[in-house]
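Enquirer:
Number of protein chains: 2
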Amino acid sequence: MLEQSDLQSLEENLPFWKKVSDDERKVLMDGTIRFTHGKGAIVHDDRNICTGLLMVVSGQLRVYIISETGKEITLYRLFERDVCVLSASCLIRNITFDVHVQAEKETTILRIATDSYQQVGKTNPFVQDFTNQLVSSRFSDVMWVVEQVVFMSFDRRLAMHLLEQAAIAGQDSFAATHEAIARDLGTAREVVTRMLSRFQDDHLVSLSRGGITLTDRDGLYALT
Amino acid sequence: MLEQSDLQSLEENLPFWKKVSDDERKVLMDGTIRFTHGKGAIVHDDRNICTGLLMVVSGQLRVYIISETGKEITLYRLFERDVCVLSASCLIRNITFDVHVQAEKETTILRIATDSYQQVGKTNPFVQDFTNQLVSSRFSDVMWVVEQVVFMSFDRRLAMHLLEQAAIAGQDSFAATHEAIARDLGTAREVVTRMLSRFQDDHLVSLSRGGITLTDRDGLYALT
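Going down the list, the sequences are from chains A and B.
Letter 146 of the first sequence, counting from 1, is numbered 145 in numbering that gives the first Met the number 0, and no numbers are missing.
Letter 10 of the second sequence, counting from 1, is numbered 9 in numbering that gives the first Met the number 0, and no numbers are missing.
#1: Who are the neighbours of Asn93(A) on chain B, taking C-beta pairs under 7 Å?
#2: Figure out for me which residue from Val84(B), Leu77(B), Ala158(B) and Val19(B) has the closest Cα to the Cα of Asp217(B).
#3: Could you pull out every unbroken beta strand (DSSP E) segment of at least 3 residues lying fully inside the segment 39-107 of chain A, listed in chain order?
#4: Checking contacts by CB at 8 Å: is Pro14(A) closer than that to chain B?
#5: Please report the distance separating the alpha-carbon of Tyr220(B) from that of Leu162(B).
#6: Provide the residue(s) that pair with Phe34(A) in DSSP beta bridges, ordered along the chain.
#7: Phe173(A) bridges to which residues according to DSSP?
#8: Beta-carbon of Glu146(B) versus every beta-carbon of chain A: anything under 8 Å?
#9: Under 8 Å, with one C-beta from each stretch per pair, do the segment 82-100 of chain A and the segment 37-48 of chain A reach the 3-pair mark?
#10: What is the residue span of the alpha helix (DSSP H) that Phe153(B) lies within?
#11: Could you tell me whether the segment 81-98 of chain B touches the segment 49-69 of chain B, where touching means 3 or more Cβ pairs closer than 8 Å?
#12: With 7 Å as the C-beta to C-beta threshold (strictly closer), list the residues of the segment 66-99 of chain B near chain A in chain order.
#13: Which residues in the same chain have their Cβ closer than 7 Å to the Cβ of Cys49(A), if we skip the five residues on either side of it in sequence?
#14: Of all the residues that make up the segment 141-171 of chain A, which are near chain B by a beta-carbon distance shorter than 7 Å?
#15: For chain A, is any of its Cβ atoms less than 8 Å away from the one on Gly51(B)?
#16: Select from Ala187(B), Glu146(B) and Arg208(B) the residue whose C-alpha is nearest the C-alpha of Lys70(B).
#17: Taking 8 Å as the cut-off, decide whether the C-beta atoms of Glu23(A) and Asn123(A) are in contact.
#18: Give the DSSP-derived three-state secondary structure of Ser205(A) in the structure shown.
#19: Once the 5 residues before and after Tyr75(B) are set aside, which same chain residues still bring their CB inside 6 Å of it?
#20: If you measure beta-carbon to beta-carbon, which residues of the segment 171-195 of chain B are closer than 7 Å to chain A?
#21: If you reduce the DSSP assignment to three classes, tell me which class Phe150(A) lands in.
#22: Count the other CB atoms within 10 Å of the CB of Ile233(A); is the residue buried (16 or more) or exposed (fewer)?
#23: Ordered along the chain, which non-local residues of its own chain (more than five positions away) have a Cβ less than 8 Å from that of Thr192(B)?
#24: Verify the CB distance criterion: does Ile64(A) have a CB-CB separation below 8 Å to chain B?
#25: Starting from Ser196(B), trace the alpha helix (DSSP H) in both directions and tell me its first and last residue.
#26: State the start and end residues of the unbroken alpha helix (DSSP H) segment that holds Lys121(B).
#27: Under the assumption that Phe15(A) contacts Val126(A) (Cβ atoms under 8 Å), give the Cβ distance between them as a whole number of angstroms.
#28: So Val149(B) packs on Val119(A), CB below 8 Å; how close in whole Å?
#29: The alpha helix (DSSP H) spanning Ser8(B) covers which residue range?
#30: In whole angstroms, what is the alpha-carbon distance linking Gln7(A) and Ile111(A)?
#31: Measure the Cβ-Cβ separation of Gly210(B) and Phe153(B) and say whether it is below 8 Å.
#32: If Leu213(B) and Ala179(B) are in contact, beta carbons under 8 Å, what's the gap, nearest whole angstrom?
#33: Where does Gly218(B) fall in DSSP's three states?
#34: Determine the burial state of Arg92(B): buried for a count of at least 16 other Cβ atoms within 10 Å of its Cβ, exposed for fewer.
#35: Which word fits His36(B), buried or exposed, when buried means at least 16 other C-beta atoms lie within 10 angstroms of its C-beta?
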């Protein structure tokens, strides 16, 4: 059962909410369930191609793809108020790939069932418009990943990633394993370890078990 | 002035053509111009963000991005009957990147002006729907590039590329410079030269000035 705060989340974060009829709104509400996932939980994977739209109420989601051999690359992250549309990719004609979604912290989401969303979207152009805008946004996010992977040297990518992680954490020290950074950047753990050691030798970062502290932000910025 | 064959192209390749009003069709026709570009010509670049929709009547277009330092990677190719939508990216909210488009052969296109397309698209849902389907298709194409770049070894990518080029050429021998392959795959020319030499040593291909002949298709398939 949805609480009043959930309805408020839907209303605030779905731009079409006030432009659908009462009946349509009821269909959407009846199709929405709140879930809380623990840190590390897989919220959506490519065996469930239509989990539905996921709106982040609190916490943080990582959207990524995974190869046959288990290699990963993070496409983008979703934070409070963001909506994941690729977890409902069956809704979108011509999307032929699928993504995985993992909770990076304890994360509460509102999941709008694909059927309900599709039913309202079929007749309501504002809903369709929202879907299409989300798809274009994610396309732009992925193009940014392409540019990084193809055009940027690894030291630059790693420096950008560390600055971004510090921004997310809100401080210079944050938890991060070399393994997790490798998954984000689509590379091997050894490559991350080697470059982080070089950064430490250059006094840009200080490494500890399971954590990283930025010790020279300006130096890292200079690399980017 | 459009010829009868141009109108036929529009009718056959734009699924909304029969679902727009006569007035809307006239707006689209008045906004459409036929161009023929020589081999190698730049049809659209990121300084002209809204060239318009490009429909390929004959020939072949390459859609790619280019870095500040001039490095390139090909995102996809467009052939007869294909429509390029990213050359009209100002039409699409939340598309924050821009692409370049080059004619790889002498190529005739019909260019539908952004203004005309936008005018009809504003009121006609079939036109919007077509735009959105094109965007999703290209998004899927780009995800395929991401998977290749991040997950596949370079020998595998090069083998796939050579088989694809032979398929496009319709024969085992085709014109290709190491430079052009490097631009397609987003890597350096030296990397291509080194791997092609290895392929030649392994009797998979035979190299000549400006051209490549596949001499062992099965061997190349085995690599992919």
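We put the CB at the ideal spot given by N, CA and C, even for glycine.
Expert: Looking at the coordinates:
#1: Result: Gln132, Ser135, Ser136 and Ser139.
#2: Comparing Cα positions, the closest option is Ala158(B).
#3: Runs of the beta strand (DSSP E) inside the segment 39-107 of chain A: 41-43, 52-57, 59-65, 71-78 and 99-102.
#4: Residue-level contact check: Pro14(A) does not touch chain B, since none of the beta carbons of chain B fall below 8 Å from its beta carbon.
#5: Linking Tyr220(B) to Leu162(B) through their CA atoms gives a straight-line distance of about 8 Å.
#6: DSSP output for Phe34(A) lists Ile108(A) as bridge partner(s).
#7: Answer is Ile211(A), bridged to Phe173(A).
#8: Chain A, which has a Cβ nearer than 8 Å to the Cβ of Glu146(B), makes this yes.
#9: The count of Cβ pairs closer than 8 Å, one atom from the segment 82-100 of chain A and one from the segment 37-48 of chain A, reaches three, so the stretches are in contact.
#10: Counting along the chain, the alpha helix (DSSP H) containing Phe153(B) begins and ends at Phe153 to Ala168.
#11: They touch, by the three-pair rule.
#12: So the close ones are Ser66, Lys70, Ile72, Ile91, Arg92, Asn93, Ile94, Thr95 and Phe96.
#13: Around Cys49(A): Ala87, Cys89 and Thr113.
#14: Those residues of the segment 141-171 of chain A placed with their C-beta closer than 7 Å to a C-beta in chain B are Val141, Met142, Val144, Val145, Glu146, Val148, Val149 and Phe150, ordered along the chain.
#15: Residue-level contact check: Gly51(B) does not touch chain A, since none of the beta carbons of chain A fall below 8 Å from its beta carbon.
#16: When only C-alpha atoms are compared, the closest one is Ala187(B).
#17: Their beta carbons are under 8 Å apart, which means Glu23(A) touches Asn123(A) by this criterion.
#18: Assignment of Ser205(A) by DSSP, reduced to helix, strand and coil, places it in the strand class.
#19: Take Tyr75(B), set aside five residues on each side of it, and the residues of its chain with a beta-carbon closer than 6 Å to its own are Val62 and Asp140, in chain order.
#20: Look at the segment 171-195 of chain B: the residues with a C-beta under 7 Å from a C-beta of chain A are Gly185.
#21: Of the three classes helix, strand and coil, the one that applies to Phe150(A) here is helix, per DSSP.
#22: A query on residue 233(A) cannot be resolved here, the shown segment of chain A reaching from 0 to 223 and no further.
#23: Excluding sequence neighbours, Thr192(B) sits near His177.
#24: Residue-level contact by beta carbon holds for Ile64(A) and chain B, with a gap shorter than 8 Å.
#25: According to the DSSP assignment, Ser196(B) belongs to the alpha helix (DSSP H) that extends over Arg188 to Asp200.
#26: From DSSP, the alpha helix (DSSP H) with Lys121(B) extends over Thr113 to Thr122.
#27: Sure, about 5 Å apart at Cβ, within 8 Å.
#28: With a Cβ gap of about 36 Å, Val149(B) and Val119(A) do not count as contacting.
#29: For Ser8(B), the uninterrupted alpha helix (DSSP H) segment begins and ends at Gln3 to Asn12.
#30: Going by C-alpha positions, Gln7(A) is about 14 Å away from Ile111(A).
#31: Cβ atoms of Gly210(B) and Phe153(B): not closer than 8 Å.
#32: About 16 Å separates the two Cβ atoms, so there is no contact after all.
#33: It is helical.
#34: Per the 10 Å Cβ criterion, exposed.
#35: Taking all protein chains shown into account, His36(B) has 16 or more neighbouring C-beta atoms within 10 Å of its C-beta and is therefore buried.
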